[in-house]
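See below for the structure under consideration.
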Amino acid sequence: MARLLRQRQELGADPVVLENLKGSEALTLARRDPGESVPAPQSIPVPQAPTPTISPTSSSRSTPSVMTQGSASAQGSVIMEGGDLGKGRQGVANLGLDGPLPTDHGELRELCLNCTRCRLSEGRTQVVFSDGNPAARVMVVGEAPGANEDATGTPFVGAAGKFLDLLLAAVGLSRADSVYICNVIKCRPPGNRNPRPDEIEACAPYLRAQIRTVQPEAILAVGTFAGQLLTGENAPLGKLRGRVHAYQGTPLVVTYHPAALLRNSGWTRPTWNDLQLLRQILDEL
169 MARLLRQRQE
179 LGADPVVLEN
189 LKGSEALTLA
199 RRDPGESVPA
209 PQSIPVPQAP
219 TPTISPTSSS
229 RSTPSVMTQG
239 SASAQGSVIM
249 EGGDLGKGRQ
259 GVANLGLDGP
269 LPTDHGELRE
279 LCLNCTRCRL
289 SEGRTQVVFS
299 DGNPAARVMV
309 VGEAPGANED
319 ATGTPFVGAA
329 GKFLDLLLAA
339 VGLSRADSVY
349 ICNVIKCRPP
359 GNRNPRPDEI
369 EACAPYLRAQ
379 IRTVQPEAIL
389 AVGTFAGQLL
399 TGENAPLGKL
409 RGRVHAYQGT
419 PLVVTYHPAA
429 LLRNSGWTRP
439 TWNDLQLLRQ
449 ILDEL
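In terms of this note's numbering, the sequence shown is residues 169 to 453.
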């Protein structure tokens, strides 16, 4: 995807700016075969990248003047400390596995691939554990695998996954080196339904262990479910995005799921603001 963006510029086109990207163009880029050449597109005027506008929060928690290790003081943002995974969500109880989880990424992956802790293991094709670099600066956390992910064992494939790559490339990030990608739920729920509380209880410890193992400098949660789970706030996505939360001291940004962006281009501008906020966090570390 980064190569496609470079090809555009080599052909004399302006750089892709997400807030100007039409849904049809996004789908064309996302679905293009890696070996296919990129035709010169029509010139798109490029405005100055917007500075994220942060709305004040009504929470009683104050912004800490001294950040904990691994967090950033993104200018103009509000740092909100999220709870542990799932705590505060109705119907979610103890999220711990019996006994400690491996601290080695390969061992953790092997344990998860053989997991039978909930009913989702009965209908899955493959466990969808992760993709990207386990030593990445950024961890992207999605919600649950879909049919393509269940078939391949890789998170974020298909048009939405390729569009995610485009979004990340726009702020200089790539799953090849600087991004680690996973989902809250590792097995596909039947019919892509929402995960049930006991399924979250069974699966969330793996995500906690992934965060501890990767130790990202920042986390990007995509989608309402992932955002609510990591922040511990039962709020709509529109109220979770646009500010910096923290998951156990690690800066956390919440934004729209790329599949939702392909359906609703009106969410492109706020997503671009969120990505700029993520980039600002990384640049200030």
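Even glycine gets a Cβ: it sits at the ideal position worked out from N, Cα and C.
In terms of alpha-carbon separation, which member of the options lies closest to residue i?
i    : options                   : result
R287 : P323, A370 and G329       : A370
V309 : D345, G359, E290 and Y424 : Y424
G321 : K354, V339 and V347       : K354
D451 : V390, E317, R277 and V339 : V339
R277 : V421, P302, R447 and G291 : P302
G359 : E275, G291, W435 and L279 : G291
E311 : S346, Q448 and I368       : I368
V421 : F331, S342 and L408       : L408
V296 : E317, Q448 and L430       : E317
A328 : A403, S289, R431 and D366 : R431
Can you round the beta-carbon distance between residue i and residue j to whole angstroms, since I take them to be within the 8 Å contact cut?
i    : j    : result
T381 : H273 : 5 Å
R356 : P313 : 4 Å
L388 : V325 : With 8 Å as the limit, L388 and V325 do not qualify as a contact, their Cβ atoms being about 18 Å apart.
W435 : A427 : About 11 Å separates the two Cβ atoms, so there is no contact after all.
Determine whether the beta carbon atoms of residue i and residue j lie at a separation below 9 Å.
i    : j    : result
L443 : Y415 : no
P438 : G410 : yes
Q378 : S298 : yes
L453 : V412 : no
A386 : T418 : yes
C350 : P323 : yes
A344 : G406 : no
A337 : V352 : no
P270 : L279 : yes
Q390 : L332 : It is worth fixing the name first, because residue 390 is Val in this sequence and not Gln. Yes, Cβ-Cβ distance for V390 and L332 is below 9 Å.
A304 : Y348 : yes
To which residues does DSSP link residue i through a beta bridge?
i    : result
D456 : Any property of residue 456 remains undetermined from this structure, which presents the chain solely from 169 to 453.
A370 : In DSSP, A370 forms no bridge with anything.
L388 : V308 and V421
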